[in-house]
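Asker: Right, I'll just put the structure down here and ask away after.
There are 2 protein chains.
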Amino acid sequence: MEQNVIDASGLLAISTRLQRLSDQIRKDGLLIYKAFGIDFQPKWFPVLYTLYKKSTMNVVSLSDEIGYAHPSTISLLKELEKEKLIRSKKDKVDTRKRLVELTEKGTALLSTMEPVWDVIIKATAEIMNSQNNLMKAINEVEASLKEKSFLQRAEVYIKK
Amino acid sequence: MEQNVIDASGLLAISTRLQRLSDQIRKDGLLIYKAFGIDFQPKWFPVLYTLYKKSTMNVVSLSDEIGYAHPSTISLLKELEKEKLIRSKKDKVDTRKRLVELTEKGTALLSTMEPVWDVIIKATAEIMNSQNNLMKAINEVEASLKEKSFLQRAEVYIKK
DNA sequence: CAAATATATGTAGTTAACTACATATATTCA
DNA sequence: TGAATATATGTAGTTAACTACATATATTTG
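So, in structure tokens, the structure goes:
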């Protein structure tokens, strides 16, 4: 698929390449933790990191925070509960809510991970700080899509 | 998940957002084709477009071209064959190879799609041409990762 | 030239997200 | 205040990619 040009396959090309890049980045993350002797699944990260920062959260807030649909979060929580890295309790005020928090084992794991983050941050910065900053580009694209969707933009041209 | 900062969750955050963006873009693509009354699955696009441009290809070259693992291509080809949009024949020189090409119906479909591409190109350009060009940013990141992998970069910091 | 290696295709099973639906509890408002 | 609506959680099934493995044919090499 073309490298530089926005051609007719542009949309899907971008979508595909974003996905592949995302995949590669995730795999590299796994390798880095392994290099530190930390056996840990990168997909757990958003949940664990969020709980580390915020202590206790219910399922929906957690999902919103990490940007996943709630069933995805639930299935991650199931795995993490099996690993005894998190535990849940009922919210006494709103009994619909399940409050989730790190166990001692979970907190301990996150502590061993902290030194790695610095390395990851540095390596990420190294890669991101090229001429066109990927993170900023994503932000900009998300912002313009929020302002006016792709379809709406296309419609302007369709009507001509 | 944070919006601007490369924090400890940076890697995965980027990965997640790339995926979500990719998803949204794909869905919008579907809507645009629908707006033109073309019933068509965006995931078919890379295969169909490549065959439209290159006439005939075998499975592996096609996979390389669109950047998919070959089993993914095979399953797309199965769907497309069922839709009678493509057909296959054996390569007489290298009998291992299966040569794939568009049927008349496939070519016809691609012709009805051509006018849409122009709209897509324009709308895509509109979105991409912000300060940090997403496509260029992806290219740059891919290039720097090719030059020196994430893990290798991280290792430099680990060894200190 | 035949044995070892490489390439092309195909199948089976996995993964990590999703949507749609179901149920229980809380909140709102007529 | 109770009926309608909204929110929180959970389950089931889907999707679109992947990896690992299997087999057939070509190519290379000792």
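As given, the protein sequences belong to chains A and B, one line each in that order. First residue of the first sequence? That's 66 in the numbering used here, and the numbers climb one at a time after it. First residue of the second sequence? That's 66 in the numbering used here, and the numbers climb one at a time after it. All residues carry an ideal CB built from backbone N, CA and C; glycine is no exception. Because the structure is a prediction, the values reported are computed rather than measured.
What three-state label does DSSP hand residue 150 of chain A in the structure shown?
Answerer: Your numbering for residue 150 of chain A matches position 85 in the first sequence. Correct three-state label for residue 150 of chain A: coil.
Asker: Under 7 Å Cβ-Cβ, which residues of chain B neighbour residue 93 of chain A?
Answerer: For the purposes of this step, residue 93 of chain A is taken as the residue at position 28 of the first sequence. In chain order: 214, 215 and 216.
Asker: Counting along the chain, where does the alpha helix (DSSP H) carrying residue 177 of chain A start and finish?
Answerer: As a first step, residue 177 of chain A is located in the first sequence; it is residue number 112 there, counting from the start. Where residue 177 of chain A is concerned, the enclosing alpha helix (DSSP H) stretches over 169 to 193.
Asker: Note the first and the last residue of the continuous alpha helix (DSSP H) segment covering residue 198 of chain A.
Answerer: Taking the first residue of the first sequence as 1, we reach residue 198 of chain A at position 133. Premise fails: residue 198 of chain A is in no alpha helix (DSSP H) and is neither H nor E.
Asker: Name the chain B residues whose beta carbon is nearer than 9 Å to that of residue 223 of chain A?
Answerer: Reading the first sequence from its first residue, position 158 is the one you call residue 223 of chain A. Within chain B, the residues near residue 223 of chain A are 97, 100, 101, 181 and 184.
Asker: Assign residue 158 of chain B to one of two classes, buried (16 or more other C-beta atoms within 10 Å of its C-beta) or exposed (fewer than that).
Answerer: The residue you call residue 158 of chain B lines up with position 93 of the second sequence. By the neighbour-count rule (16 or more Cβ atoms within 10 Å), residue 158 of chain B is not buried but exposed.
Asker: Looking at the secondary structure, which residues open and close the alpha helix (DSSP H) in which residue 115 of chain B lies?
Answerer: Reading the second sequence from its first residue, position 50 is the one you call residue 115 of chain B. Residues 110 to 119.
Asker: Take the Cβ of residue 161 of chain A as the centre, count every other Cβ of all protein chains shown within 10 Å, and call the residue buried at 16 or more, exposed below.
Answerer: Taking the first residue of the first sequence as position 1, residue 161 of chain A is located at position 96. The residue in question, residue 161 of chain A, is exposed, as its Cβ has fewer than 16 Cβ neighbours within 10 Å.
Asker: Among A:130, A:170 and A:156, which residue has its Cα nearest to the Cα of residue 146 of chain A?
Answerer: In the first sequence, counting from the first residue as 1, residue 146 of chain A sits at position 81. The shortest Cα separation from residue 146 of chain A among A:130, A:170 and A:156 belongs to A:170.
Asker: Measuring only between beta-carbons, confirm whether residue 202 of chain B sits less than 8 Å from chain A.
Answerer: In the second sequence, the residue the question calls residue 202 of chain B occupies position 137. By this cut-off, residue 202 of chain B is an interface position.
Asker: Determine the burial state of residue 180 of chain A: buried for a count of at least 16 other Cβ atoms within 10 Å of its Cβ, exposed for fewer.
Answerer: The residue labelled residue 180 of chain A in the question sits at position 115 within the first sequence. Counting Cβ neighbours within 10 Å, residue 180 of chain A comes out exposed, since fewer than 16 surround it.
Asker: Please check if any C-beta of chain B sits within less than 8 Å of the C-beta of residue 197 of chain A.
Answerer: In the first sequence, residue 197 of chain A corresponds to position 132, counting from 1. Chain B contact via Cβ: present.
Asker: What does DSSP give as the partner residue(s) for residue 155 of chain B in the beta ladder?
Answerer: The residue labelled residue 155 of chain B in the question sits at position 90 within the second sequence. DSSP, once it has assigned bridges, lists B:163 as partnering residue 155 of chain B.
Asker: Taking 8 Å as the CB-CB limit, is residue 106 of chain A close to chain B?
Answerer: The sequence position of residue 106 of chain A within the first sequence is 41, counting from 1. Not an interface residue.
Asker: Relative to the C-alpha of residue 237 of chain B, which residue among B:213, B:223 and B:177 is closest?
Answerer: Here chain B has residues from 66 to 225 only, and residue 237 of chain B is not among them.
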